[in-house]
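Reading the sequence shown from the start, the letters are residues 12 to 247 in this note's numbering. Below is one structure, written out as structure tokens, with a few remarks after it.
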Amino acid sequence: MSDRMRPVSFGKLMEWILSENKRTGSIFGVSSIYRHKGETFTFLGEKLETPFGPAAGPHTQLAQNIISAYAAGARFFELKTVQILDGEDLPVSKPCIDARDECYNVEWSTELTVPEAFDEYVKAWFALKLISEEFNLGAPDGFVFNMSVGYDLKGIKSEKIDRFIKGLKDASGAPIWDECSKWALSNITDFSNIDRKYIDRISPNICSSITLSTLHGCPPEEIERIASCLIKEKHL
Numbered sequence: 012m013s014d015r016m017r018p019v020s021f022g023k024l025m026e027w028i029l030s031e032n033k034r035t036g037s038i039f040g041v042s043s044i045y046r047h048k049g050e051t052f053t054f055l056g057e058k059l060e061t062p063f064g065p066a067a068g069p070h071t072q073l074a075q076n077i078i079s080a081y082a083a084g085a086r087f088f089e090l091k092t093v094q095i096l097d098g099e100d101l102p103v104s105k106p107c108i109d110a111r112d113e114c115y116n117v118e119w120s121t122e123l124t125v126p127e128a129f130d131e132y133v134k135a136w137f138a139l140k141l142i143s144e145e146f147n148l149g150a151p152d153g154f155v156f157n158m159s160v161g162y163d164l165k166g167i168k169s170e171k172i173d174r175f176i177k178g179l180k181d182a183s184g185a186p187i188w189d190e191c192s193k194w195a196l197s198n199i200t201d202f203s204n205i206d207r208k209y210i211d212r213i214s215p216n217i218c219s220s221i222t223l224s225t226l227h228g229c230p231p232e233e234i235e236r237i238a239s240c241l242i243k244e245k246h247l
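Below, the structure written as structure tokens:
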């Protein structure tokens, strides 16, 4: 198994989704696609169609995994934890979980850099906004993205993580947001239920909540300081 994850461009992701669905009716191999038609409820101040979804892990790093989970019925997504140490600055065994026969976990691990992870989450968000409407899978605002950060206060207050947090709160100024929007507008004829007005109304406010991840043995005082920072300074 490779220790490198190689993200796919938004255009290639969407072309893959649209062509596969047209050909087989599936989305990234998910053939029993969930279509929500029942009631919704409010969680963390946002509308949610189902209380199910993947927890932070390697499976919530790449956009296509998040999209696959949505197709299977997930509506709450705890995005893979990011930290100040990433890429080649984190020389630990990868992938962090390998579950062919036995399962092992390597602390402090992440396959993507923080900017790469940010781009994946934006691509997944934009794609779900498009396919939820195009394929009538549920309300376009019926799912929630929850960001996750770690592992200490110093790292969380760093410029790298601060930029990540601000970007997920409002991605409108990010190059990847512009890439997604431009692709959708340029390929609008590939959609049957989406028009320019719908694309222009897609919210860039991806996350309004956050999960804190700490290492084993983190002192309670440190957890309190981090939580206070996230609530009072980051307004999450």
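Glycine residues also receive a C-beta, built at the ideal position from the N, C-alpha and C atoms.
Item: Tell me whether residue 35 is buried or exposed, calling it buried when 16 or more other Cβ atoms sit within 10 Å of its Cβ.; Value: exposed
Item: Return yes when the Cβ of residue 157 is within less than 8 Å of the Cβ of residue 52, no when it is not.; Value: no
Item: Please determine, among 56, 57, 75, the residue with the shortest C-alpha to C-alpha distance to residue 18.; Value: 75
Item: Go ahead and pull the three-state DSSP assignment for residue 144.; Value: helix
Item: If you run the structure through DSSP and keep just helix, strand and coil, what is residue 58?; Value: strand
Item: Assuming residue 196 contacts residue 212 under a Cβ cut-off of 8 Å, what Cβ separation, rounded to an integer in Å, is found between them?; Value: In fact, because the Cβ distance is near 12 Å, the residues do not count as touching under 8 Å.
Item: Does the Cβ-Cβ distance between residue 60 and residue 149 come in under 8 Å?; Value: yes
Item: Could you check if residue 28 is buried or exposed, using at least 16 other CB atoms within 10 Å of its CB as the buried criterion?; Value: buried
Item: Taking 8 Å as the threshold (C-beta atoms), are residue 180 and residue 204 in contact?; Value: no
Item: Using C-beta distances below 8 Å, list every residue in its chain close to residue 159, excluding the 5 sequence neighbours before and after it, in chain order.; Value: 67, 89, 90, 91, 92, 93, 221, 222, 223, 224
Item: With DSSP collapsed to three states, give me the class of residue 157.; Value: strand
Item: So does the stretch 174 to 190 actually touch the stretch 122 to 131, counting three or more Cβ pairs closer than 8 Å?; Value: yes
Item: How big is the Cα-Cα spacing for residue 193 and residue 56?; Value: 30 Å
Item: Please report the distance separating the alpha-carbon of residue 41 from that of residue 247.; Value: 33 Å
Item: Considering only the beta carbon of each residue, do residue 58 and residue 201 sit closer than 8 Å?; Value: no
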